[in-house]
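Trainee: Residue numbers (my numbering), protein chains in the order written: chain V, 19 to 233; chain H, 19 to 233.
Positions of the beta carbon are idealized from the N, C-alpha and C atoms, including for glycine.
Take this structure, written in structure tokens, and hold onto it; I'll ask about it next.
There are 2 protein chains.
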Amino acid sequence: MSNTEIRDEPSTGERKRRSDGERSRNAILREAGRLATVEGITGLSISRLAEAVGMSKSGLFAHFGSKQELQIATIDAARDVFAAQVIDPALAAPSGIERARQLVENFLRYVEGGLYPGGCFFASVAAEMAMRPGPVRDGAVQVLDEFAGHLETAVRQAQAEGAVDPAEDPEQLAFEIDAYLSLANAQFALSQDSAPLDRARGAVDDRIKAAAPAA
Amino acid sequence: MSNTEIRDEPSTGERKRRSDGERSRNAILREAGRLATVEGITGLSISRLAEAVGMSKSGLFAHFGSKQELQIATIDAARDVFAAQVIDPALAAPSGIERARQLVENFLRYVEGGLYPGGCFFASVAAEMAMRPGPVRDGAVQVLDEFAGHLETAVRQAQAEGAVDPAEDPEQLAFEIDAYLSLANAQFALSQDSAPLDRARGAVDDRIKAAAPAA
């Protein structure tokens with residue numbers, strides 16, 4: 019075994035345990051995110067999660083310390099999922115219009131994928147916590163705001179690239195696209211039927227066509 | 019005092035008490051609806067409501083009997099408010115296009131009016147209960163579905179009256195209008211700022227213009 023390989027692999031029992039701990043922590047937080055969209059993040063306590071994942075409460079306390087720490091860790095983990103499934107691949111697209119289309123399509127696939135049975139994790143938590151200020155609410159709202167911001171930036175880029183009419187208000191256009199996604203997500207969560215997701219796809223296609231520069 | 023006046027007024031102690039009871043029940047259910055959009059309808063128990071309205075638990079049990087009866091009575095009362103503020107005045111409008119516009123405007127005023135701090139009562143309850151089957155969830159979803167149905171019917175009437183292009187898919191157009199309202203409501207609940215409501219107004223205006231028959 020070369021020195022390089024030794025540096026790349028866990029070389030001690032302690033590092034091995036930490037790596038198992040990371041995997042276990044991620045699996046626990048995936049289940050926590052799932053539970054939050056089904057039963058509400060308010061109900062996401064250490065004892066409820068312990069029951070759901072079949073671990074002891076004391077084991078979970080060692081991971082998270084308190085209910086609010088658990089809720090915030092759940093949001094952070096869901097944000098990583100959202101970045102990996104929705105945002106990051108879209109930002110790699112080669113043009114503004116393509117970036118906007120991929121933000122839409124990735125979002126709809128993330129909803130349809132069923133990782134969170136209650137639909138978009140952040141829409142669910144933001145709706146539940148709208149009137150309950152604090153870091154849980156703020157964490158969810160921030161991700162929704164960032165998504166809207168990415169959409170608006172992509173529209174501005176598309177305008178600069180000549181794919182969207184300069185007369186369009188980019189914030190308004192981003193709002194309208196986001197609106198189709200928002201209702202599609204809410205209806206999918208209620209019906210578990212992909213028809214509203216296809217309605218949103220059609221609405222976005224038509225809206226982007228209508229926003230093309232006059233010939 | 020004429021006989022007519024006597025017939026119009028409560029004439030016995032029993033009728034007087036019943037009338038007071040109705041007023042009291044309505045006031046209690048208004049507060050219950052408000053609480054449901056702030057703290058969640060799952061948290062709406064008889065003891066929580068007793069605390070909020072300053073009544074004894076036994077007094078509220080006499081009105082509602084159980085937590086689920088209270089939740090359903092709260093939904094029924096909110097449905098009456100929604101009919102009176104949003105649906106009924108719109109259905110009285112003289113044309114399909116005017117009916118669609120009034121459904122939109124009445125909905126936005128109902129949200130902005132602040133009767134429910136967490137925005138549309140039914141959007142809030144449906145989001146919270148999406149994955150929790152039962153009469154509470156179904157009651158909220160039914161009102162949302164009826165609203166979407168009224169929008170679609172108004173669009174079909176507008177098509178029949180020549181105000182909307184016959185080539186438009188009425189269900190799709192109703193979905194898009196409903197989407198602007200859905201996101202506006204969600205953003206208003208989070209920001210308590212009316213800017214998203216105006217975005218929705220602008221989006222609906224533009225969409226209805228785009229749906230006009232080709233000249």
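(1) My output table needs one value for V:GLU186: the three-state DSSP class, helix, strand or coil.
(2) Hey, how far is the Cα of H:ILE93 from the Cα of H:GLU146?
(3) Classify H:ASP211 as buried or exposed, calling it buried when 16 or more other Cβ atoms lie within 10 Å of its own Cβ.
(4) What residue range does the alpha helix (DSSP H) around H:GLN210 cover?
(5) Looking at the C-beta of H:GLY131, does it have a partner C-beta in chain V at a distance below 9 Å?
(6) Kindly indicate which three-state DSSP category H:ARG127 falls into: helix, strand or coil?
(7) Roughly how many angstroms lie between the CA atoms of V:PHE82 and H:ARG66, to the nearest whole one?
(8) Residues of chain H with CB under 7 Å from V:ASP196, in chain order?
(9) Using C-beta distances below 7 Å, list every residue in its chain close to V:VAL161, excluding the 5 sequence neighbours before and after it, in chain order.
(10) Please confirm if V:ARG174 has its CB atom under 9 Å from at least one CB of chain H.
(11) Relative to the C-alpha of H:GLN103, which candidate in H:ALA202, H:ASP196, H:CYS138 and H:VAL71 has its C-alpha closest?
(12) Is there a C-beta anywhere in chain V that falls below 9 Å from the one on H:GLU189?
(13) From H:GLU186, H:ALA202, H:ASP187 and H:PHE193, pick the residue whose C-alpha is nearest to that of V:ALA192; which is it?
(14) Which residues of the stretch 36-68 of chain V have a Cβ closer than 8 Å to any Cβ of chain H? Give them in chain order.
(15) Counting only the same chain and skipping the five closest in sequence on each side, list residues whose C-beta sits under 6 Å from that of V:PRO231.
(16) Among V:GLY114, V:SER209 and V:LEU78, whose alpha-carbon lies nearest the alpha-carbon of H:ARG155?
(17) If you measure from the beta carbon of V:GLU164 to each beta carbon in chain H, is any gap under 9 Å?
(18) Below 8 Å on C-beta distance, what does V:PRO112 contact in chain H?
(19) Can you give me the C-alpha to C-alpha distance between V:GLU116 and H:GLY72, rounded to a whole angstrom?
(20) Whether or not the stretch 164-176 of chain V and the stretch 112-128 of chain V are in contact is what I'm after, with contact meaning three or more pairs of Cβ atoms, one per stretch, closer than 8 Å; do they touch?
(21) Can you confirm whether V:PHE193, when its beta carbon is compared against all beta carbons of chain H, has any partner nearer than 9 Å?
(22) Mark H:ALA204 as exposed unless 16 or more other C-beta atoms lie within 10 angstroms of its C-beta, in which case mark it buried.
(23) Kindly say whether H:SER142, judged by its beta-carbon, lies nearer than 9 Å to any beta-carbon of chain V.
(24) Does the distance from the CB of V:ALA207 to the CB of H:ALA148 come in under 9 Å?
(25) Run the CB neighbour count on H:SER200, radius 10 Å, all protein chains shown included, and call it buried at 16 or more, exposed below.
(26) Going along the chain, which residues of its own chain have a beta-carbon closer than 7 Å to the beta-carbon of V:THR55, five neighbours each way excluded?
(27) Nearest to V:ALA91 by alpha carbon, out of V:ARG119, V:ALA158 and V:GLN120?
(28) Can you name the residues of chain V whose CB is closer than 7 Å to the CB of H:GLU170?
(29) Using three-state DSSP, classify H:TYR198 as helix, strand or coil.
(30) With C-beta atoms as the reference, is H:ALA68 less than 9 Å away from H:GLY77?
Mentor: Let me spell this out:
(1) Taking the first sequence and counting its residues from 1, one reaches residue 186 of chain V at position 168. Of the three classes helix, strand and coil, the one that applies to V:GLU186 here is coil, per DSSP.
(2) As a first step, residue 93 of chain H must be located in the second sequence, where it is residue number 75. As a first step, residue 146 of chain H must be located in the second sequence, where it is residue number 128. So the alpha carbons of these two residues sit roughly 14 Å apart.
(3) Translated into the one-based positions of the second sequence, residue 211 of chain H becomes position 193. A residue is called buried when at least 16 other Cβ atoms come within 10 angstroms of its Cβ; H:ASP211 does not meet this threshold and is exposed.
(4) Position 192 of the second sequence, counted from the first residue, corresponds to residue 210 of chain H. Unbroken run through H:GLN210: none, as it is neither H nor E.
(5) Translated into the one-based positions of the second sequence, residue 131 of chain H becomes position 113. No, because no Cβ of chain V sits closer than 9 Å to the Cβ of H:GLY131.
(6) The residue you call residue 127 of chain H lines up with position 109 of the second sequence. DSSP places H:ARG127 in helix when its eight states are reduced to three.
(7) Within the first sequence, numbered from 1, the residue matching residue 82 of chain V stands at position 64. Within the second sequence, numbered from 1, the residue matching residue 66 of chain H stands at position 48. Taking the straight line joining both Cα atoms gives about 29 Å.
(8) Taking the first sequence and counting its residues from 1, one reaches residue 196 of chain V at position 178. Neighbours of V:ASP196 on chain H, chain order: LEU201.
(9) Counting from 1 along the first sequence, the entry for residue 161 of chain V is found at position 143. The answer, listed in chain order, is ARG97, PHE100 and PHE140.
(10) As a first step, residue 174 of chain V must be located in the first sequence, where it is residue number 156. It does not; no Cβ of chain H falls within 9 Å.
(11) Sequence index remark: in the second sequence, residue 103 of chain H carries index 85 (1-based). Closest option to H:GLN103, Cα to Cα, is H:CYS138.
(12) One-based indexing of the second sequence puts residue 189 of chain H at position 171. Answer yes: the Cβ-Cβ gap between H:GLU189 and chain V drops below 9 Å somewhere.
(13) Here residue 192 of chain V corresponds to residue number 174 of the first sequence, with the count starting at 1. Of H:GLU186, H:ALA202, H:ASP187 and H:PHE193, the residue nearest in Cα terms is H:ALA202.
(14) THR55, VAL56, GLU57, GLY58, THR60 and GLY61
(15) Within the first sequence, the letter at position 213 stands for residue 231 of chain V. Closer than 6 Å at the Cβ level, and outside the excluded window around V:PRO231, lie ASP183.
(16) Residue 155 of chain H sits at position 137 when you count from the first residue of the second sequence. Closest by alpha carbon: V:SER209.
(17) Here residue 164 of chain V corresponds to residue number 146 of the first sequence, with the count starting at 1. False, the Cβ-Cβ gap to chain H never drops below 9 Å.
(18) Translated into the one-based positions of the first sequence, residue 112 of chain V becomes position 94. Per Cβ cutoff of 8 Å: no residues; V:PRO112 is ~28 Å from chain H at best.
(19) For the purposes of this step, residue 116 of chain V is identified with residue 98 of the first sequence, where counting begins at 1. For the purposes of this step, residue 72 of chain H is identified with residue 54 of the second sequence, where counting begins at 1. The straight-line gap from Cα to Cα measures roughly 57 Å.
(20) Under the three-pair Cβ rule at 8 Å, the stretch 112-128 of chain V counts as touching the stretch 164-176 of chain V.
(21) Translated into positions along the first sequence, residue 193 of chain V becomes position 175. V:PHE193 counts as touching chain H.
(22) By 1-based counting over the second sequence, the position of residue 204 of chain H is 186. Classification for H:ALA204: buried.
(23) Stepping through the second sequence from its first residue, residue 142 of chain H is reached at position 124. For H:SER142, the answer is yes, since a Cβ of chain V falls inside 9 Å of its Cβ.
(24) By one-based count along the first sequence, residue 207 of chain V stands at place 189. By one-based count along the second sequence, residue 148 of chain H stands at place 130. Yes, they are a contact pair.
(25) Sequence index remark: in the second sequence, residue 200 of chain H carries index 182 (1-based). Buried.
(26) On the first sequence, residue 55 of chain V is found 37 positions in, with the first residue counted as 1. Excluding positions up to five away in sequence, the list reads TYR134, PRO135, GLY136, GLY137, PHE139 and SER142.
(27) For the purposes of this step, residue 91 of chain V is taken as residue 73 along the first sequence, with counting starting at 1. Closest option to V:ALA91, Cα to Cα, is V:ALA158.
(28) Here residue 170 of chain H refers to the residue found at position 152 of the second sequence. Near H:GLU170 there are no residues of chain V at all, since even the closest Cβ is about 12 Å away, more than 7 Å.
(29) Mapped onto the second sequence, residue 198 of chain H falls at position 180. In the structure shown, H:TYR198 sits in a helix (DSSP, three-state: H, G or I).
(30) As a working mapping, residue 68 of chain H is identified with position 50 in the second sequence. As a working mapping, residue 77 of chain H is identified with position 59 in the second sequence. Yes, they are a contact pair.
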